[in-house]
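If you use my numbering, the sequence shown closes out at 450, no skipped numbers anywhere. As structure tokens, the structure follows; a few thoughts come after it.
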Amino acid sequence: MPRRALLTLLAALALLIVVTPAAAGMADRVAATFELMADDFIRVAQPIEGVVAAYEGNVLYLDLGEDSGAQVGQELIVFRKGDAFYHPITQRVLGHYEDQLGHAQIRRVAAHLSEAAFIQKESAPAPRAGDGIRITRARIRVAITPVLDLTHSDTDVRRVPYLMANVLERSKRFQVVDPLAVSDMFVNGSVRVEEMLARPERAIRVATNLEVTGWLVPVVLERNGVTYLDTTWISALTGTPLFSRRQPIVPTAATEEQRFPWEPRAED
């Protein structure tokens with residue numbers, strides 16, 4: 183082999199050795215970072231129940247405060263109890279019918295009271311004091327978009343939605359739509375991740391097709407030399423962000439520590 187070709191090959195190998203470790207495991211690092219903030223999303227989705235204290239314009243005042251677990255960004259069902267229904271033989275009261283009036287999005291929280299924007303259901307009556315509010319005990323159906331990488335790096339982070347879905351499913355509070363089905367919608371160009379953040383009507387339309395209550399939009403960005411994961415919860419009802427969390431992406435060593443000695447190093 184000519185000397186020039188040999189030197190070129192060695193230089194290429196050296197560059198590969200230097201670059202690969204820096205890019206390796208980025209998907210695992212992003213997923214590990216999300217796991218650190220996942221409790222915030224899980225906590226917001228915990229079952230909670232109360233009543234409407236007052237209604238003024240499009241604002242509801244709820245009897246749920248910090249002491250009851252209310253948090254900014256929670257989205258609750260607003261309902262009104264109807265007639266009782268009975269056991270056909272014993273005639274014992276089994277419960278009450280309920281009419282759904284709409285949803286409440288909590289905007290401010292005090293010690294014993296919270297303020298929420300009211301989104302009225304079409305053709306439903308206006309709420310009044312004493313109507314019920316709740317976050318259901320059933321799993322909340324959500325969808326996770328592909329990662330929006332604003333650092334424009336060449337790392338492959340396509341696995342991140344699957345890893346995030348695994349974290350949320352383990353909490354028993356979420357039912358996550360198959361990330362493959364969601365990613366196909368974005369790959370074929372029918373919708374872009376940026377539109378989920380900037381165009382509420384698009385977020386609502388796509389959410390309706392998937393029958394979800396909300397979106398999780400993971401964004402990787404860089405500020406002052408630090409790479410962050412920013413994850414935003416977007417309402418499927420209004421298409422607007424309810425809350426978000428941002429955290430520096432954990433270093434490679436932190437993800438490697440979670441692996442067994444016989445597991446191969448992560449490569450993206």
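Built from N, CA and C at the ideal position, the CB exists for glycine as well.
Q: Alpha carbon to alpha carbon, how far is G232 from D366? Give it in angstroms, no decimals.
A: 40 Å
Q) Hey, quick one: how far does the beta strand (DSSP E) through V280 stretch, first residue to last? A) Going by the sequence as given, residue 280 is Glu instead of Val. Run containing E280: V275 to V291, per the beta strand (DSSP E) assignment.
Q) In terms of residues, what are the limits of the alpha helix (DSSP H) holding P430? A) From DSSP, P430 is part of no alpha helix (DSSP H) but of the beta strand (DSSP E) over P423 to P430.
Q. Where do the N-terminal and C-terminal ends of the beta strand (DSSP E) with P343 fall, by residue?
A. Premise fails: P343 lies in the alpha helix (DSSP H), V342 to R352, not in any beta strand (DSSP E).
Q.
Distance check for Q302 and A308, CA to CA, integer angstroms please.
A. 7 Å
**Q.** Which listed residue (F261, V408 and A220) has its alpha carbon closest to that of R316
**A.** F261
Q. With a CB to CB cut of under 8 Å and the five nearest residues on each side skipped, what residues in its chain are close to A299?
A. N240, V241, L242, A286, Q287 and R289
(Q) Taking only three categories from DSSP, how would you classify A252? (A) coil
**Q.** Closest residue to Q256 among R384, V432, S426 and D265 (Cα-Cα distance)
**A.** S426
Q: Could you check the C-alpha separation between R387 and A418 for me, to the nearest Å?
A: 8 Å
Q: Taking P400 as part of the alpha helix (DSSP H), name the residues at either end of that continuous run.
A: Run containing P400: none in the alpha helix (DSSP H); it sits in the beta strand (DSSP E), G396 to R405.
Q. Does the Cβ-Cβ distance between G421 and P382 come in under 7 Å?
A. yes
(Q) For a test of the three-state rule: what should DSSP assign to V212, helix, strand or coil? (A) helix
Q | Residues of its chain near L246, where Cβ-Cβ distance is below 6 Å and the 5 sequence neighbours each way are ignored | A | G232, A252 and S296
Q. If we count the other Cβ atoms within 10 Å of its Cβ and call it buried at 16 or more, is R310 buried or exposed?
A. exposed
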